[in-house]
Amino acid sequence: MYKIALAWIAAALVFSSPVQAADTDKPTIVLVHGAFADGGSWNGVIKSLTKDGFRTVAVANPLRGVKSDAGYLSSIIDSIKTPVVLVGHSYGGSVISVAAAGHTNVKSLVFVSAFAPDTGESAATLSGKYPGSSLASALAEPVGLAGGGSDLYIDQKKFHQQFAHDVSRNEAALMAATQRPVTNAALDEPSGEPAWKTIPSWFIYGSGDKNIPPASMKFMADRAGSKQTVVIPDASHVVMVSHPKAVADLIKKAAK
């Protein structure tokens, strides 16, 4: 009931906004943040999308596990009665890949510095496929969970350089303090059958990403038959924060 209530509230917010109600012919853009981030990471992108009349909803991704997070996202998709463009950042890419399956109203997938796993692959597997990720050395001491497993955070002192080197130090400090943890199990969980095999996809990422190696993202984009892949020179893992217009522009293309 709790998940259903949250999904209903999210949908109600989407359709009650006077700004977003401007163009009912456009799809709803559903934005899914990844690990160590939150819905606020999409603020710049949302401003650009709503200005052009798109309905948007930034989902509070639970970051507990791929299957359970995808189930939560699926309930939100079910509550939206328009075509949907699903956008995922980082681990959120794994979630949208699974959640979109079986939803005929999902028309496009956009991967923003994101994982696009195939069946049986995990975020950890893909992150280690090519050299370049320094995430492991930037993590803080894991926080043990009562039910087993642990939550992972990026060390706040290392957050700026690791996660968001191309945003201001003050903004990175705020992001570090408000980061949401991901379980270690979620990063190791094998993916189910991915929707990118049947739904058109677009990719954007930075060449300076230190969380997911750019070579890994190129591999995933090529494998998925990306309609367009945009690489932002020297951009960090949070390309939607440092380059919101470029991300919004690609989402608008996917929305057509």
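Anchor point for the sequence shown: position 140 equals 432 in our numbering, and the numbering is continuous, going up by one each time.
Heads up, the beta-carbon is just placed ideally off N, CA and C, and yes, glycines get one too.
All values derive from a computational prediction rather than experimental measurement.
When the Cα atoms are used, P423 and R347 turn out to be separated by approximately 38 Å. With the rule of 3 Cβ pairs closer than 8 Å, the segment 411–423 does not count as touching the segment 432–445. By the beta-carbon neighbour count (other beta carbons within 10 angstroms, threshold 16), P525 is exposed.
Here R356 is not bridged, per DSSP, to any residue. Sequence-distant partners of A540 (beyond 5 residues in either direction) whose C-beta falls short of 7 Å from its own C-beta, in its chain, are V337, S340, L341. Only buried fits D501, as 16 or more other CB atoms lie within 10 angstroms of its CB. Annotated three-state conformation of A464 is helix, per DSSP. Nearest in C-alpha terms to P354, of all of D370, A327, T374, is A327. The DSSP-derived three-state label of H381 is strand.
When only Cα atoms are considered, A527 and A352 end up about 24 Å apart.
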